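If you count the sequence shown from 1, position 83 lands on 119 in our numbering, and the numbers rise without skipping. We put the CB at the ideal spot given by N, CA and C, even for glycine. Keep in mind the model is a prediction, meaning the values are calculated, not measured.
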Amino acid sequence: MQLDVQVYTHILRDRIEWDLSSSLPPTQFAKHYCTEIGLTGEAIPLVAHAIHEELLKHKRDCLELELFTTSHPDEQAKWEKSHGGPPRVTNKSGAKGLKGIWRDWWEREEYGPVLVELSMEEMEKREMERTRESRRLMRGVTGKRRR
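This is the structure in structure tokens:
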């Protein structure tokens, strides 16, 4: 999952691999993660929320693609029942399981936190983009354009 969180005047970017069936709460992970990279306690809920949102998105994608039929058949059946009709049986198997934690040396730049400090201009630009995006989403929800 891609992590992209603004913590005050910093942007935290990282690429994290997470087992979707893990029982580890994002809050507990965020607490240890933020401690390791030297972020203050205010960053913990922001990071935990971002991880939680990414996990929900990935789980939904897996359910829609019917990738949990083998590994989590009960969850897949509940999802299909909630979206109408009886559960279907498929032979899709999803991603391969993680066999080890070691990476090749050339991948080290892809996996690791990056903390970038924002200038005031960059912060204002991000806020304007966020406002613009929320307005666009609101127009999509209401289906009307304000004049």
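Across which residues does DSSP place D187 in a beta bridge pair? Outside the displayed span of the chain (37 to 183) sits residue 187, for which this structure offers no information.
Q38 and L154: beta carbons closer than 9 Å? Against the sequence shown, residue 38 aligns to sequence position 2. Against the sequence shown, residue 154 aligns to sequence position 118. Cβ atoms of Q38 and L154: not closer than 9 Å.
Enumerate, from N- to C-terminal direction, the unbroken alpha helix (DSSP H) stretches of 4 or more residues contained entirely within the segment 60 to 106. 62 to 73, 79 to 100
Residues of its chain near P2, where Cβ-Cβ distance is below 6 Å and the 5 sequence neighbours each way are ignored: No information on residue 2 is available, as it lies outside the stretch 37 to 183 that the chain covers here.
Please work out which residues of its chain come closer than 6 Å, Cβ to Cβ, to T84, disregarding the five sequence neighbours upstream and downstream, and give them in chain order. Here the question's residue 84 lines up with position 48 in the sequence shown. A quick correction: the sequence has Ala, not Thr, at residue 84. These residues qualify, in order along the chain: P62, T63, A66.
Quick one: using the 10 Å Cβ neighbour count with 16 as the cut-off for buried, is I52 buried or exposed? The residue labelled residue 52 in the question sits at position 16 within the sequence shown. By the neighbour-count rule (16 or more Cβ atoms within 10 Å), I52 is not buried but exposed.
With H, G and I counted as helix, E and B as strand and the rest as coil, what does DSSP make of E146? Residue 146 sits at position 110 when you count from the first residue of the sequence shown. Here E146 sits in coil by DSSP.
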